[in-house]
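*Asks:* Pasting a structure below so you can have a look.
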Amino acid sequence: MPPPSQSRTPDDTIGARDLTAWHTRFGQWLVGLFAALGRASSPAAHRVVSWSAAHLAFVLFAVIAMGVMVGLVEGVETVYEAVVGRDGITVVDQPVLDTAVSLRSPGLDSAVTAFTDVGGPVGMPILALVTVAIITWRRRRWTPFVLTLIAAAGSLAMTIGGKDFVDRARPPASLAVPPLETSPSFPSGHTLNATVLTAVVVYLVLIETTAAWQRTLAVTIGTLFVLSMGLSRVFLGHHWLTDVIAGWLIGLAWALAVITAHRLWLTLRERPEVVNSRDGIRQEGSRS
Numbered sequence: 034m035p036p037p038s039q040s041r042t043p044d045d046t047i048g049a050r051d052l053t054a055w056h057t058r059f060g061q062w063l064v065g066l067f068a069a070l071g072r073a074s075s076p077a078a079h080r081v082v083s084w085s086a087a088h089l090a091f092v093l094f095a096v097i098a099m100g101v102m103v104g105l106v107e108g109v110e111t112v113y114e115a116v117v118g119r120d121g122i123t124v125v126d127q128p129v130l131d132t133a134v135s136l137r138s139p140g141l142d143s144a145v146t147a148f149t150d151v152g153g154p155v156g157m158p159i160l161a162l163v164t165v166a167i168i169t170w171r172r173r174r175w176t177p178f179v180l181t182l183i184a185a186a187g188s189l190a191m192t193i194g195g196k197d198f199v200d201r202a203r204p205p206a207s208l209a210v211p212p213l214e215t216s217p218s219f220p221s222g223h224t225l226n227a228t229v230l231t232a233v234v235v236y237l238v239l240i241e242t243t244a245a246w247q248r249t250l251a252v253t254i255g256t257l258f259v260l261s262m263g264l265s266r267v268f269l270g271h272h273w274l275t276d277v278i279a280g281w282l283i284g285l286a287w288a289l290a291v292i293t294a295h296r297l298w299l300t301l302r303e304r305p306e307v308v309n310s311r312d313g314i315r316q317e318g319s320r321s
């Protein structure tokens, strides 16, 4: 196999960080587990098996992660019910909403409404797809587009499933800024989808850029955008604070799962010796 410096592709590093190097025990175990699924006994089948192992790892990990995310939605809802059972809505959600109402003004309401529309079911996908389309065009490969599409599909499924499962009422219409929304409140779909798509887009930008200041700027803008999007939902009275917190947590967890699946795919594609060797975990863990 060629030296690592010669075998790297534009997809497998963020700055000096090698995305195919796993430094934690869990990461090394994860690579070893999925590599075992694609080990080949025939050298002639090496390329086919390594390709299959990479794609199989991506698909299986994404499916498993989706199941875990569904469980997380139910778990967060259980925690919420426990909090509400101790009058938590008056301790956490209602005071925050009351504060938001006191800060409103016609001009600020209009500005926040315009901003929150960016994270809606139309604005956020367009914003993400435009960014990813530019990256896809620059890279001349479909990986960024496919990664974003999978992330968006999972995010949408969790939003719809979570709302149907929990069926929580939104804040009173008298405390909300029009236009009013009628779907269930938990979790905040704007927040969850913005968190997922922004995190994945930032990840792709980090791979694409070479300058440290560009990566810092991307992370800063992405973080501020996600935080602001969630808070805008509370400010407008369209969601309780706990709806937004759930959206942040579930969205971040799903985005990290998609990113991990992509790293698994990169590792098994770029490092076929991991697939064919039973000591591949040690080899993989030693790469820096």
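Residues 34 to 321 in the working numbering are what the sequence shown lists, from first letter to last. Glycine included, each C-beta is placed from N, C-alpha and C at the ideal position. The model shown is predicted, which means the values in this text are computed figures rather than measured ones.
(1) Excluding the 5 residues preceding and the 5 following alanine 133 in the sequence, name in chain order all residues of the same chain whose CB lies nearer than 6 Å to its CB.
(2) Leaving aside the five residues before and after serine 75 along the sequence, list all residues of the same chain whose C-beta is less than 6 Å from its C-beta, in chain order.
(3) Quick check on this structure: which residue in Ser265, Lys196, Val277 and Ile159 has the alpha carbon closest to the alpha carbon of phenylalanine 148?
(4) Please confirm if the region 222-236 is in contact with the region 149-161, defined as three or more CB-CB distances below 8 Å between the two stretches.
(5) For the putative contact between leucine 208 and glycine 152, defined by C-beta atoms under 8 Å, what is the C-beta separation to the nearest angstrom?
(6) Can you give me the Cβ contacts of valine 252 inside the same chain, cut-off strictly under 7 Å, excluding the 5 residues immediately before and after it?
(7) With 16 other CB atoms within 10 Å as the buried threshold, where does phenylalanine 219 fall?
(8) Tell me the rounded alpha-carbon separation between leucine 239 and valine 259.
(9) For arginine 302, count neighbouring Cβ atoms within 10 angstroms of its own Cβ and tell me buried if that reaches 16, exposed if not.
(10) Between the region 186-198 and the region 274-291, can you find at least three pairs of beta-carbon atoms closer than 8 Å?
(11) Along the chain, where does the alpha helix (DSSP H) that runs through glycine 255 open and close?
(12) In the DSSP assignment, find the unbroken alpha helix (DSSP H) run with tryptophan 298 in it and report its ends.
(13) For glutamine 247 and isoleucine 183, I'd like the C-alpha separation in whole angstroms.
(14) Quick check: what's the CA-CA separation for isoleucine 167 versus valine 124?
(15) May I have the straight-line CA-CA distance separating arginine 201 from threonine 46, to the nearest angstrom?
(16) Grab me the residues of serine 216's own chain with a C-beta within less than 7 Å of its C-beta, minus the 5 sequence neighbours each way, in chain order.
(17) Within 10 angstroms of its Cβ, does isoleucine 97 collect 16 or more other Cβ (buried), or is it exposed?
(18) Bridge partners for arginine 50 per DSSP, in chain order?
(19) Under three-state DSSP, which class holds valine 325?
(20) With a Cβ-Cβ cutoff of 9 Å, do threonine 243 and valine 64 count as a contact?
(21) What is the DSSP secondary structure of aspartate 200, counted as helix, strand or coil?
(22) Tell me the rounded alpha-carbon separation between valine 291 and alanine 87.
*Replies:* From the atom records:
(1) Contacts found: Val267 and Phe268.
(2) With a pLDDT of 46 at serine 75, under the threshold of 50, the modelled position of this residue cannot be trusted; read the value that follows with caution. Here serine 75 has no same chain residue with a Cβ atom under 6 Å from its own Cβ, once five neighbours each way along the sequence are excluded.
(3) Out of Ser265, Lys196, Val277 and Ile159, Ser265 has the C-alpha closest to the C-alpha of phenylalanine 148.
(4) Inter-segment contact for the region 222-236 and the region 149-161 is present: three or more beta-carbon pairs are separated by less than 8 Å.
(5) So it is not a contact: roughly 20 Å between Cβ atoms.
(6) Sequence-distant partners of valine 252 (beyond 5 residues in either direction) whose C-beta falls short of 7 Å from its own C-beta, in its chain, are Val235.
(7) By the neighbour-count rule (16 or more Cβ atoms within 10 Å), phenylalanine 219 is buried.
(8) Leucine 239 and valine 259: Cα-Cα distance of roughly 17 Å.
(9) Under this definition arginine 302 is a buried residue.
(10) Look at the beta carbons and you see the region 274-291 touching the region 186-198: at least three pairs across the two are nearer than 8 Å.
(11) Here the alpha helix (DSSP H) through glycine 255 covers 245-268.
(12) Looking at the DSSP string, the run of the alpha helix (DSSP H) that includes tryptophan 298 is 274-303.
(13) A direct Cα-to-Cα measurement between glutamine 247 and isoleucine 183 gives close to 26 Å.
(14) Approximately 45 Å between the Cα atoms of the pair.
(15) Taking the straight line from one Cα to the other gives about 42 Å.
(16) Within the same chain, serine 216 has close Cβ partners Lys196.
(17) The C-beta of isoleucine 97 has fewer than 16 other C-beta atoms within 10 Å across all chains shown, which makes the residue exposed.
(18) DSSP lists Ile47 as the beta-bridge partner residues of arginine 50.
(19) Here the chain has residues from 34 to 321 only, and residue 325 is not among them.
(20) Cβ distance not < 9 Å, so threonine 243 and valine 64 don't count as in contact.
(21) In the structure shown, aspartate 200 sits in coil (DSSP, three-state: anything other than H, G, I, E or B).
(22) So the two alpha carbons sit approximately 14 Å from each other.
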